[in-house]
Structures are given as C-alpha cells and as structure tokens.
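Peer 1: Residue numbers (the numbering used here): 51 to 149.
We put the CB at the ideal spot given by N, CA and C, even for glycine.
Okay, handing you the structure first.
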C-alpha cells in the first residue's frame with residue numbers, strides 16, 4: 051500500500067456552520083487513525099493549513115476518502131502527493147527499556 055500526503059488550506063474565517071462540523075470531522079479523523087488509514091493529521095498553529103499522511107492503493111482512493119471529510123467543502127487548494135519515503139519515529143520499533 052502506498053503512502054500519500056494531503057495538503058490543504060483552511061478558510062480565512064471560521065463561520066458557525068464550519069465550527070459546528072468540527073466534532074463530526076474529528077470523530078471521522080479519529081476513526082481513520084484507528085483504522086490506520088490516516089497515519090498523521092496536523093493543522094498549522096495559525097489554523098490556515100493542514101496536512102494528512104494517509105495509506106491508500108492510489109491517489110483516487112485517497113481523494114475519495116478526503117472528499118468524505120465533513121469539512122471537505124471548506125478546504126481549498128487540496129493537493130495529494132504520493133510519497134517515495136515516509137520515515138517517522140512512530141513507525142520504528144519501540145525503544146527497549148531495561149528496567
């Protein structure tokens with residue numbers, strides 16, 4: 051299975067309808083994290099951009115999942131890139147503790 055990074059821009063201002071969807075969006079993201087579809091989910095400190103590292107068969111499959119995000123209609127400049135290398139501390143074996 052390939053790995054992809056999805057990058058997007060959030061709206062400049064968060065309207066009430068956007069804010070009301072956040073709990074549903076977070077529940078969906080959490081479910082995808084538990085299912086190992088999403089490996090990492092990040093929003094910039096200024097809340098203007100976001101990045102999602104995902105597993106999928108191809109970019110169309112990943113796009114299909116992203117289009118189901120409850121906040122999808124508010125996301126701008128959505129880009130999906132297949133990764134050649136994805137290395138992280140979380141994907142390595144746990145460190146051995148001798149105590």
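Count the C-beta pairs between the segment 77-88 and the segment 122-137 that are closer than 8 Å, then say yes if the count reaches three, no if not.
Peer 2: Too few Cβ pairs lie closer than 8 Å, so no.
Peer 1: Considering only residues of the same chain and omitting the five flanking positions on each side of residue 99, which have a CB-CB separation below 8 Å?
Peer 2: Stepping through the chain shown from its first residue, residue 99 is reached at position 49. 57, 58, 59, 60, 93, listed in sequence order.
Peer 1: Using the three-state DSSP reduction, which class does residue 63 fall into: helix, strand or coil?
Peer 2: The residue given as residue 63 occupies position 13 in the chain shown. In the structure shown, residue 63 sits in coil (DSSP, three-state: anything other than H, G, I, E or B).
Peer 1: Any Cβ of chain D within less than 8 Å of the Cβ of residue 55?
Peer 2: Here there is only one protein chain, and chain D is not present.
Peer 1: Considering residue 115, what are the terminal residues of the alpha helix (DSSP H) in which it resides?
Peer 2: Sequence index remark: in the chain shown, residue 115 carries index 65 (1-based). Where residue 115 is concerned, the enclosing alpha helix (DSSP H) stretches over 109-116.
Peer 1: Please state whether DSSP places residue 95 in a helix, a strand or coil.
Peer 2: Counted from its first residue, the chain shown places residue 95 at position 45. The answer is coil: DSSP assigns residue 95 none of H, G, I, E or B.
Peer 1: Please tell me whether residue 55 and residue 109 are closer than 8 Å, where the distance is taken between their beta carbons.
Peer 2: Here residue 55 is taken as the residue at index 5 of the chain shown, counted from 1. Here residue 109 is taken as the residue at index 59 of the chain shown, counted from 1. It is not a contact, given that the beta carbons lie outside the stated cut-off.
Peer 1: Between which two residues does the beta strand (DSSP E) harbouring residue 137 extend?
Peer 2: Your numbering for residue 137 matches position 87 in the chain shown. Careful: residue 137 lies outside any beta strand (DSSP E) and carries neither H nor E.
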